[in-house]
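Here is the structure we will look at, set down as structure tokens.
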């Protein structure tokens, strides 16, 4: 049910012919109110896709009443014609739903440089509108999949029978900074939360979830996360309660993306301890997450901690290069930047791997998630557009 | 002949048992003068190997009389014991050659965290010393190979029978900033060039050669480039002539490293045109060189220019995101950030690939070299230490 679990939302997902496979490829989520508050975050890539250029304008007033999403084409680097397509799709949604086009967020994912047929999309809006229902969440979640092997959905109830909930769906295996593939996320809630609070909560939640997922260091042109609040529960939660639940939603979706990352054999959680600042901890974790040498070693079940230290050494974080500790799966293979416990004690046969780096420079910490570098990754990404 | 082509140098390379394969693994290059001027550059990684920590002190006075290099173990993150090994090897070289240990640069390459047997190295110094000869360049170049499939050597004569030359040898497939594997380079010349001029020339030459080679975005802990001038020709070239020849030496060695990079199928030259500054051009080129998605696409012979633009968009360089041009192998597949010539005209079946990015923001330019991301890369680097 995901995005249609909270009261006040209807959704649909359909196959309109964008994907050669004939699978579902077009989705619509509509907020029926009574409130229409929203918050969104977008890719930080400067080369943005047309739907992002459009949607960045839409969200500025804090009101979003619908999100329309297509897979099968990113509508990125397609020029003014591509922007016009996005605009007309929003107009069509507005016309059929009875809202302003300026309240419609548009998301696209698929191959860059590919222009989808405009009429197919416009006709598809009619198809989706006819199918909108309070049971449409699953169909919508399936329709935004590209290389995803499973649909990603989550529902979190407010604490102690509070009477409100948050639902979410996601596609891709990436994040708002780097991304393996475009990440699109729609989150809904029936709590009553003003737009400014939604924005604060969403930034807090994404900072420790999607922003810390770094599957392959690449950054998408289309990433979008949109959160809509219908207020249909009539309940106004505390900002703390809402932020906590929203963080749980984002974290669940982020870890679902990690688990389904293209071609990955391992899910790697890199935790940096005792950093001088949280920023330092994230920088160190990200440097390891982006080391192809380290990621290939994990694929090969090789506890090559030297490649961890070599990555840490490329950062500007505060630490003494001669006094670093590193553990893999809780075996401290390196103490004081010298060999310690026997690396052969590290069993990398499982899918989940932990790397722990002790900087001994403060008391901040952070976890960054990544995947290993595999033959399947190379295969999938060498054959994607051909 | 490489490093022993210029007059005033002797060298040796021998198998002393560091490599399980029994191949040559220890090399020595000695400057017999009459001058001993030198310049060096080292990895910018903050986690440096013991030989780098030692050699950074050695080079400070501008005098280097010998370089001793071992493969089969990086002596990195091996603690005070490892540093002591480096120190004693330098002492032994000094004792046998009759020079100060403080004039001996030490280089090591191989697995991080591996401590080589000290006595094996000390005995090996004796073996090398006994074999030193003016014909030893080839042996030395072979002894520093690790995953290299061929020895890298170059000789450039000064212009128009000037009577001086420069020789060089290299191992690895990396650079002073990022590195696929440790890069060790020894360059010799019989020109008369004071240390300050050697330093200026070496920094100018490496800036446009090794520093622009970015095979896999990783950064080694051991990278070292040492240039020694014997003055044995008696000729003092102009700094411009010397810098030009030295740049040719560095460029040749860099391209030999690129051609032999671990598991690579393609050599990719990324040229950024009409940048606001050379720094911008390098930043843009490097962003593309570090895109796993783009590199996997090249492996798959897929001219996926969208992944080029997506990488350019992650930089802070000056450009208009809506007005970028991209060519692959001189086919302009993207104009004004929209599809242009048919990508199927781009033939990626050959080993060499060019990517050209026109930023339309100034008149600076730079070329960055990289390799594709292949199954063989993943294989080689997932099995390296096991």
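Residue numbers (UniProt numbering), protein chains in the order written: chain P, 1 to 386; chain D, 1 to 386.
Even for Gly, the Cβ is constructed at its ideal location relative to N, Cα and C.
Taking the Cα positions, residue 219 of chain D is about 34 angstroms away from residue 95 of chain D. Residues of the segment 300-312 of chain D that bring their beta carbon within less than 9 angstroms of a beta carbon in chain P comprise 300, 301, 302, 303, 304, 305, 306, 307, 309, 310, 311 and 312, in sequence order. Each residue's CA atom was taken as its position, placing residue 373 of chain P and residue 316 of chain P some 25 angstroms apart. When C-beta distances to chain D are compared with 9 angstroms, the residues of the segment 56-90 of chain P below that value are 74, 76, 77, 78, 79, 80, 81 and 82, in chain order. In the DSSP secondary-structure assignment, residue 118 of chain D is not bridged to any residue. Excluding its 5 nearest sequence neighbours in each direction, residue 122 of chain P has C-beta neighbours in its own chain below 6 angstroms: 92, listed in chain order.
By the rule that beta-carbons nearer than 8 angstroms mark a contact, residue 289 of chain D does not touch chain P. Here residue 102 of chain P has 58 as same chain residues with Cβ atoms under 7 angstroms from its own Cβ, once five neighbours each way along the sequence are excluded. In the DSSP assignment, residue 110 of chain D forms no beta bridge with any residue.
The three-state secondary structure of residue 31 of chain D, taken from DSSP, is strand. Judged by pairs of C-beta atoms under 8 angstroms, the segment 19-30 of chain P touches the segment 57-71 of chain P, as three or more such pairs exist. By the rule that beta-carbons nearer than 8 angstroms mark a contact, residue 187 of chain P does not touch chain D. DSSP, read as helix, strand or coil, puts residue 274 of chain D in strand. The secondary-structure analysis by DSSP pairs residue 352 of chain D across a beta bridge with D:267. The segment 119-133 of chain D and the segment 150-169 of chain D do not touch, with fewer than three beta-carbon pairs separated by less than 8 angstroms. Listed along chain P are 310, 313 and 314, each with a C-beta nearer than 7 angstroms to that of residue 45 of chain D. Within the DSSP bridge table, the entry for residue 358 of chain P names P:273 and P:325 as partners. Not flagged as an interface residue toward chain D: residue 281 of chain P, since no C-beta distance is shorter than 8 angstroms. Neighbourhood of residue 48 of chain D in chain P, by CB distance below 9 angstroms: 313 and 321, in chain order. In terms of beta-carbon proximity, residue 378 of chain D lines the interface with chain P, with at least one pair separated by less than 8 angstroms. Remark: fewer than three beta-carbon pairs, one from each stretch, lie closer than 8 angstroms, so the segment 37-45 of chain P and the segment 232-246 of chain P are not flagged as touching. C-alpha of residue 307 of chain D to C-alpha of residue 263 of chain D: approximately 22 angstroms in a straight line. The beta-carbon distance between residue 348 of chain D and residue 331 of chain D, rounded to whole angstroms, is 10 angstroms. This is too long to meet the 8 angstroms contact definition. The alpha-carbon of residue 86 of chain P is positioned some 21 angstroms away from that of residue 334 of chain D.
Residue 148 of chain D sits in coil when the DSSP states are folded into three classes, being neither helix nor strand. Close to chain P, meaning a Cβ-Cβ distance shorter than 8 angstroms, are the following residues of the segment 194-221 of chain D: 216, 217, 218, 219, 220 and 221.
Note: residue 166 of chain P is bridge-paired with P:156 and P:189 in the DSSP secondary-structure output.
Within the segment 329-346 of chain D, 333, 334, 336, 337, 338, 339 and 343 place their CB atoms closer than 9 angstroms to a CB of chain P, listed in sequence order. Just so you know, the alpha carbons of residue 78 of chain P and residue 242 of chain P end up roughly 39 angstroms apart.
Judged by pairs of C-beta atoms under 8 angstroms, the segment 144-161 of chain P touches the segment 246-257 of chain P, as three or more such pairs exist.
Of the candidates P:109, P:379, P:187 and P:9, P:109 places its Cα closest to the Cα of residue 143 of chain P. Beta-bridge analysis with DSSP links residue 70 of chain D to D:26 and D:108. Here residue 136 of chain P carries a coil assignment [DSSP, helix/strand/coil].
The closest CA to that of residue 266 of chain D, considering only D:360, D:300, D:225 and D:129, is found on D:300. Contact annotation for residue 274 of chain D against chain P: no contact, minimum CB-CB distance about 17 angstroms [criterion: below 8 angstroms]. Taking residue 65 of chain P as the centre and dropping the five residues before and after it, the same chain places the C-beta of 31, 36, 99 and 103 closer than 6 angstroms to its C-beta, in chain order.
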